[in-house]
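Asks: After the structure tokens below, expect a handful of questions from me.
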Amino acid sequence: MSKAVEFVKINKHFPGAHVLKDISFSVEEGEVTALLGENGAGKSTILNILHGVYPEYEGDVLLHGKKVQFRNPNQAIVEGKISKVHQETLIVRDLTVGQNVTLGHEPTKGFFIDYAKMHRDVNAILTDLHCNFRSEELADKLTSGQMQMMAIARALYHKSNIISLDEPTASLSIRETEALFDVIKQLKAQGVTILYVSHRLEEIFRICDKAVIMRDGEYITTLEVAKTTRDELIHAMVGRAVSAVASRNLPCMASDEVVLKAENLTGPTGFKDVSFELHKGEILGFFGLVGAGRTETMRAIFGADMITGGKVFMKGKRIPTGSWNTSKALKAGIGLIPEDRKTQGFMKLSSNTQNISISSLEDYANAFGFLSDDKKLKNAEHFFKELEIHPNKPEYLTLNMSGGNQQKVILARWMSTKVDIIIFDEPTKGVDVGAKAEIYRLMEEMIQNGKSIIVISSELPEVMGLSDRIIVMGEGKVNAVLNRGEYGTSDQMLDYAIGG
Amino acid sequence: MKRSYTALILAVLAVMALVFTAYADEFNPDADPSAKTIEQVRAELGAEVPVKDVHNLSAIMKSISNEFWRSLKEGYDLAAKNSGVNIRVDATTDEGDEIGQQTMMDNAVNQGVKAVMASPISDSNLAAAVDNAKTAKIPVVNVNDGLIANCDYYVGPNAYMNGQLAAEWISKKLGDKGQVGIVIGMAKAFAARERTQGFEDWIKDHKSGLEIVAKQNADWDRQRAKELASTWIMRFPDMKAIFCNNDDMALGVVEAVDEVDADILVVGVDGIGEAYTSIKEGKLDATVDSFPYYMSQVAVECTLRVLAGQKVPHVVATPQALIDKDNVNKPAKEIINWVDTAYTK
Amino acid sequence: MKNFVNKYKRELVVLLATFGMGLIFTVMNPNFMRVSNIITILQQMVLNGVLAAGIMFAIITGGIDLSIGCTFAITGIVTASMAVKGINPWLAILAGLAVGAVLGAFNGFLVTGLKLQPFIATLGTMSLYRGIAYVITGGMPVTGVPSVYRNIFNGRMFGNVRWYILVMIIIFILIHIMLSRTRTGDYLYAVGDNEEAAKLSGVNVVKVKYVAYIVCGICSAAAGLIMLASLGSAESTAGLGYETNAIAAAAIGGTRMAGGRGTAFGTFVGALMLAVLRVGMVVINVDSFWQYVVTGIIIIVASYFEFIQQDIANFLARRRAAK
């Protein structure tokens, strides 16, 4: 077997940070190689170097034994035959699937695009991948799983023999994930080399041959997945033993006091007649499939979306749903940590300090009522220490932090406020094992301090491990309310979610 | 790669085509040797203007947010009353609506008016509409400012003469020596160009001792003209006079001059009401008035002469006069010796 | 000091470039650096500066206000009519500012209440407000503003400097404090940076946008009041096209057109640069046609500073790391 990709002494600097340190490793041709490490380990950076996103770095990249240095991703695709299927797939929603797949390299006939040939070629690839959508359809209509497939089709259209997948299953349903794995096996059989980045260890064990471990910008080791245990893998990644499974260390703290109560809540974004109660000190889990209306319900309660029917009570007091907004929700003591950090979580041009302080500005005023940068910084420094946010740089842009640390910054934002009800929407999506465990620990700490938590999660082990009670939603309605001890198996949970 | 070269070549060709058409047939009424004043026209063709059957005429103007165009409209209204002809006056809502004005003119032609008096926004926006009118055998008279090259008749003041009058007056007041500045208004360049040229040529042709030390654009904007003048006053302490392409800018310059109590003559063009007030108050020194109120009356007279089959010259110059504190209180009619048009049924 | 340099890197680069430009003009004509000429430059940056300060608020929230030139004209007319009638000038000023606030609030309503795109909404009010200006004046200018009113702004303080320069500086200081030291300031940046994230952080986005457009209206009104004092008359056609210069000043000063970034200091420097350029070109007698060309090039180059600055930062980071 020969080496498809070889990295030799790669170093990369960002302003004020040395993010890759002397990285050297290689990837065998025709294998599925996992790239593992905590957030901030440098996985995305090394992939970006390979794919020409960062044209400037020190060291050599060898492709099939030949030295290359791509100036941009397009060159990498066309000349290097290497493609990247991105975490958040980039698509143009108003174009057809065929146009998206061939974007920038459309088949032409004279001056004009040859649409017949485009759709013929693309449909052939889609058929190969067993996709259930066609080249002529609008990309806008696709589910996230189908979009992922479209991105793979794009790689195959360019005859790529090396494909990287960066968190490909993050927003996929269970069935879509299975379909993706089938495709990966098929590509492997065709001799395509695959680089696979994911935080979900089960996936690594199912489809990967090798696992390259990185930590803090350094290469640690390469493991043969078949000969490695789960704990060994985690230990190599984190550098210490961590329990990656969501579990409760503390007993149930819930009291009888109801802090939040919804009655027949209905809204135009997709939830109907939703009723539930949240007790003080409780972790209440919301499980369901993608599109079950969990996020929509919580956004409405938080004042981000409209409520058209039903009642909401907070600590016994009815809230005015007609004039409800997020600013009032914050004052009433309720906070929300959204699912998609990049588009909903943090301000992209703002420092960590700013992102932490934005919801609690009144606390940083001096005697004259003017805000003090020092006070904001002091607060941020406190949380950087308490939550072990890495790197310990409150002045950095949150945008440049890794996923898990971004999540901690947003957590710090709400911990700076006086809210006592916090809604976590997919709190560990795209978060590495180490940070995951820390977030679970923090949630427990919160309920210990008398706060109440709602967790929306699509990961069954997480929601079952954490929650005192679970509400299962499906198609905008509450399908089941389960107390701890009544959860049953994963299959039973899925039955409820589908509409038991 | 090949495709982008083709696109580039096409783009270059398109730009060149535009440039060449822009320079095609330029029309300058000020330089027309056959131009006659209205008095000369009356002497040649007889004072009486025959009005056969009741006509429908159309007048197409620019925005009446400007005083000049309001006066022009009043002149049209008076001429309509005196002649018994029906004149419909259309004006665009803003001075940039070139297509809207074209639509107005096409509408008038389609409704079968007997003749159109048009004051176009630009030199080109009514060219196609004039062709339509010609096809429909409807005569078009171009009234002032925007110049339509393919029009048979032009009625308006001689903009070149505006500048000459101003230069002559300044020369007389200063004993023909001293530094002067010109504030030009740039967009819609014809009037600005001719007024400036007339001013400069007078100085050159008369071997005058006046010296033009500065010439800058203020976009017809009062505030910008004021700022420009403030800078000049600092830069040229010996500047003795400033000629502005219109009154709006002149009134801004007056403010700058007053602020430092400088001894500088300020002359504008147009003769708007505010300029008259300012002259009476002893602030503005002079303006060259082209009497839009009478200009439109001349336009109607010429149009009716054309409809009666008379041979009206290609360019008819309308009255203009320099107004300063000596004649500011005299009625306009007296200043330009205006005689009302005599219409006969 | 180091903090200040770090925070205002871009603004300082533009300021340096402005000084550089001033030096070039001085070499070409030594009169340029005379105190009287520098006062002229400051005077000539006032209107554009105040308008730019206002439009910056709309831009920071990710919007734009194309109607500032029209608000400017209406305010002038309203205040002029009151001043001519002999109403107390301070009352007239207050009324003018109130008009600006109301017109700004209407823009805010269109953007938040009707959820129109700011560009389209203010394109509409640009025509609407201009129309109102024509209707209330019938197209006639309002003249004869008494000197009691004019002297408030146009009078001189020490060293022949006019009061309105001080007014502008006070406006910029107030805006600086508002943007950097108040909750509203932080909220403005947050909303422009990532509206959804700001909303989900408990920021009242609707209120913040109202504030932005109202401040923009008030600044336009303040500029209108200064113009009125400076010219002594108000016209319905005043301020045509002024929004483009204001946008240019804000952009040169580092205001991000997509929102989320922009400082009072930067916009001040941007307006200063444009004034230096304008006065300088008049002083060295650059042909009017070429002034447009030069101004355009300067706007483009100044806006490019941002990228150059990023390159320099990257370069320094590498150098430091290499050591």
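Just so you know, the protein sequences line up as chains A, B and C, in that order.
Numbers 13 to 512, taken from my numbering, label the letters of the first sequence in order.
Numbers 70 to 414, taken from my numbering, label the letters of the second sequence in order.
Numbers 3 to 325, taken from my numbering, label the letters of the third sequence in order.
Every residue, glycine too, gets a C-beta built ideally from N, C-alpha and C.
Bear in mind that the values here come from a model prediction, so they are computed numbers and not experimental data.
#1: Is the shortest distance between the beta-carbon of A/M359 and the beta-carbons of chain C less than 7 Å?
#2: Taking DSSP's pairing of strands, which residues face B/Q248 in a bridge?
#3: What is the DSSP secondary structure of C/D67, reduced to helix, strand or coil?
#4: On the premise that B/L320 lies in contact with B/S418, defined as a C-beta separation below 8 Å, what is that separation, rounded to the nearest angstrom?
#5: Whole angstroms is fine: what's the gap from A/A266's alpha carbon to C/G51's?
#6: Among the residues of its own chain, which have a CB less than 8 Å from the CB of C/I301, if the five just before and after it don't count?
#7: Which stretch, first to last residue, makes up the beta strand (DSSP E) that contains C/M128?
#8: Could you name the residues that DSSP lists as bridge partners for A/D126?
#9: Determine, for C/M229, whether the minimum Cβ-Cβ distance to residues of chain B falls below 7 Å.
#10: Taking C-beta pairs closer than 7 Å, name the residues in chain C that B/V389 reaches, listed in chain order.
#11: Less than 7 Å between the beta carbons of A/K292 and A/S56, yes or no?
#12: Any beta-carbon of chain C closer than 7 Å to the one on B/M303?
#13: I'd like the span of the alpha helix (DSSP H) that includes B/S347, first residue to last.
#14: Of all the CB atoms in chain C, is at least one closer than 7 Å to the CB of B/T300?
#15: Flag B/N125 as yes if its beta-carbon sits less than 7 Å from any beta-carbon of chain C, otherwise no.
#16: Looking only at C-alpha atoms, which of A/T241, A/E18, A/P67, A/E40 sits nearest to A/K79?
#17: 7 Å is my cut-off, CB to CB: does C/N196 come that close to chain A?
#18: I believe B/N211 touches B/G267 by the beta-carbon criterion, under 8 Å. Please report the beta-carbon distance rounded to the nearest angstrom.
#19: Check the C-beta distance from B/E296 over to C/Q46 and give it rounded, since I have them as a contact under 8 Å.
#20: How far does the beta strand (DSSP E) with B/Y222 in it extend, from its first residue to its last?
#21: Note the first and the last residue of the continuous beta strand (DSSP E) segment covering B/P119.
#22: Quick one: which chain A residues come within Cβ less than 8 Å of C/R263?
#23: Is the number of C-beta pairs between the stretch 72-80 of chain C and the stretch 126-141 of chain C that are closer than 8 Å three or more?
#24: Taking any Cβ of chain A, which residues in the stretch 194-221 of chain C have a Cβ under 9 Å from it, in chain order?
#25: Is the Cβ-Cβ distance between B/P226 and B/V375 less than 7 Å?
#26: Does any residue of chain D have a CB that is nearer than 7 Å to the CB of B/E108?
#27: Based on Cα-Cα distance, which residue from A/V44, A/K129, A/K329, A/V97 lies nearest to A/K200?
#28: In chain C, which residues lie less than 9 Å from B/N135 when you measure between Cβ atoms?
#29: Looking only at C-alpha atoms, which of A/F299, A/A223, A/R218, A/A128 sits nearest to A/S479?
#30: Please classify A/S502 as buried or exposed, where buried requires at least 16 neighbouring CB atoms within 10 angstroms.
#31: Buried or exposed: where does A/Q419 fall if 16 or more other Cβ atoms within 10 Å of its Cβ makes it buried?
#32: CA-CA distance, B/Y92 and B/D166?
#33: What did DSSP end up calling C/A266 once you bin it into helix, strand or coil?
#34: Given a cut-off of 7 Å on the beta-carbon distance, is the pair B/D354 and B/V326 in contact?
#35: Got a sec: which bits of the stretch 280-294 of chain C sit with their beta carbon under 9 Å from any beta carbon on chain A, in order along the chain?
#36: Mind checking which residues open and close the beta strand (DSSP E) that includes A/S414?
Replies: Based on what the coordinates show:
#1: Start at 1 with the first residue of the first sequence, and residue 359 of chain A comes out as number 347. Yes, because at least one Cβ of chain C sits closer than 7 Å to the Cβ of A/M359.
#2: One-based indexing of the second sequence puts residue 248 of chain B at position 179. Note: B/Q248 sits in a beta bridge opposite B/E280, B/M308.
#3: Within the third sequence, numbered from 1, the residue matching residue 67 of chain C stands at position 65. Coil.
#4: Any property of residue 418 of chain B remains undetermined from this structure, which presents chain B solely from 70 to 414.
#5: Counting from 1 along the first sequence, the entry for residue 266 of chain A is found at position 254. Counting from 1 along the third sequence, the entry for residue 51 of chain C is found at position 49. When rounded, the distance between both Cα atoms is 59 Å.
#6: The residue you call residue 301 of chain C lines up with position 299 of the third sequence. The answer, listed in chain order, is A250, A253, I254.
#7: As a working note, residue 128 of chain C is residue 126 in the third sequence. Looking at the DSSP string, C/M128 is not in any beta strand (DSSP E); the run it does join, the alpha helix (DSSP H), is 120-139.
#8: For the purposes of this step, residue 126 of chain A is identified with residue 114 of the first sequence, where counting begins at 1. DSSP output for A/D126 lists no bridge partner at all.
#9: For the purposes of this step, residue 229 of chain C is taken as the residue at position 227 of the third sequence. Cβ-Cβ to chain B under 7 Å: yes for C/M229.
#10: By 1-based counting over the second sequence, the position of residue 389 of chain B is 320. Before going further, note that residue 389 of chain B is Gln rather than Val in the sequence given. None at all; the shortest Cβ gap to chain C is about 22 Å.
#11: As a working mapping, residue 292 of chain A is identified with position 280 in the first sequence. As a working mapping, residue 56 of chain A is identified with position 44 in the first sequence. Result no, Cβ atoms of A/K292 and A/S56 do not sit closer than 7 Å.
#12: For this step, residue 303 of chain B is matched to residue 234 along the second sequence. Judged by the 7 Å Cβ criterion, B/M303 is in contact with chain C.
#13: For the purposes of this step, residue 347 of chain B is identified with residue 278 of the second sequence, where counting begins at 1. From DSSP, the alpha helix (DSSP H) with B/S347 extends over 342-349.
#14: On the second sequence, residue 300 of chain B is found 231 positions in, with the first residue counted as 1. Yes, B/T300 lies at the interface with chain C (some Cβ there is under 7 Å from its Cβ).
#15: Along the second sequence, one-based indexing puts residue 125 of chain B at 56. By this cut-off, B/N125 is not an interface position.
#16: By one-based count along the first sequence, residue 79 of chain A stands at place 67. Checked all of A/T241, A/E18, A/P67, A/E40; the closest Cα to A/K79 is A/E18.
#17: Along the third sequence, one-based indexing puts residue 196 of chain C at 194. Output row for C/N196: interface = yes.
#18: Locating residue 211 of chain B in the second sequence gives position 142, counting from the first residue. Locating residue 267 of chain B in the second sequence gives position 198, counting from the first residue. About 20 Å; that fails the 8 Å criterion.
#19: By one-based count along the second sequence, residue 296 of chain B stands at place 227. By one-based count along the third sequence, residue 46 of chain C stands at place 44. B/E296 to C/Q46, Cβ: 5 Å. Contact.
#20: Taking the first residue of the second sequence as 1, we reach residue 222 of chain B at position 153. That run of the beta strand (DSSP E) goes 222-225.
#21: By 1-based counting over the second sequence, the position of residue 119 of chain B is 50. Run containing B/P119: 117-119, per the beta strand (DSSP E) assignment.
#22: On the third sequence, residue 263 of chain C is found 261 positions in, with the first residue counted as 1. The contacting residues are L361.
#23: yes
#24: G194, D195, N196, E198, A199, A200, K201, L202, S203, G204, V205, N206, V207, V208, K209
#25: The residue labelled residue 226 of chain B in the question sits at position 157 within the second sequence. The residue labelled residue 375 of chain B in the question sits at position 306 within the second sequence. Against a cut-off of 7 Å, the Cβ pair of B/V375 and B/P226 comes out as no contact.
#26: Going by chain labels, chain D is absent from the structure shown, which instead holds the protein chains A, B and C.
#27: Here residue 200 of chain A refers to the residue found at position 188 of the first sequence. It is A/V44 whose Cα lies nearest to the Cα of A/K200.
#28: For the purposes of this step, residue 135 of chain B is taken as residue 66 along the second sequence, with counting starting at 1. Result: G141, T239.
#29: In the first sequence, the residue the question calls residue 479 of chain A occupies position 467. Nearest of A/F299, A/A223, A/R218, A/A128 to A/S479, Cα basis: A/F299.
#30: Against the first sequence, residue 502 of chain A aligns to sequence position 490. Exposed, because fewer than 16 other Cβ atoms sit within 10 Å of the Cβ of A/S502.
#31: Taking the first sequence and counting its residues from 1, the one referred to as residue 419 of chain A is at position 407. When all chains shown are included, A/Q419 counts as buried.
#32: Position 23 of the second sequence, counting from 1, holds the residue named residue 92 of chain B. Position 97 of the second sequence, counting from 1, holds the residue named residue 166 of chain B. At B/Y92 the pLDDT is 47, less than 50, meaning the model places this residue with poor confidence and gives no usable figure here.
#33: As a working note, residue 266 of chain C is residue 264 in the third sequence. C/A266 falls in the helix class under three-state DSSP.
#34: Here residue 354 of chain B refers to the residue found at position 285 of the second sequence. Here residue 326 of chain B refers to the residue found at position 257 of the second sequence. Result no, Cβ atoms of B/D354 and B/V326 do not sit closer than 7 Å.
#35: none
#36: In the first sequence, residue 414 of chain A corresponds to position 402, counting from 1. It is not in any beta strand (DSSP E) - A/S414 carries neither H nor E in the DSSP assignment.
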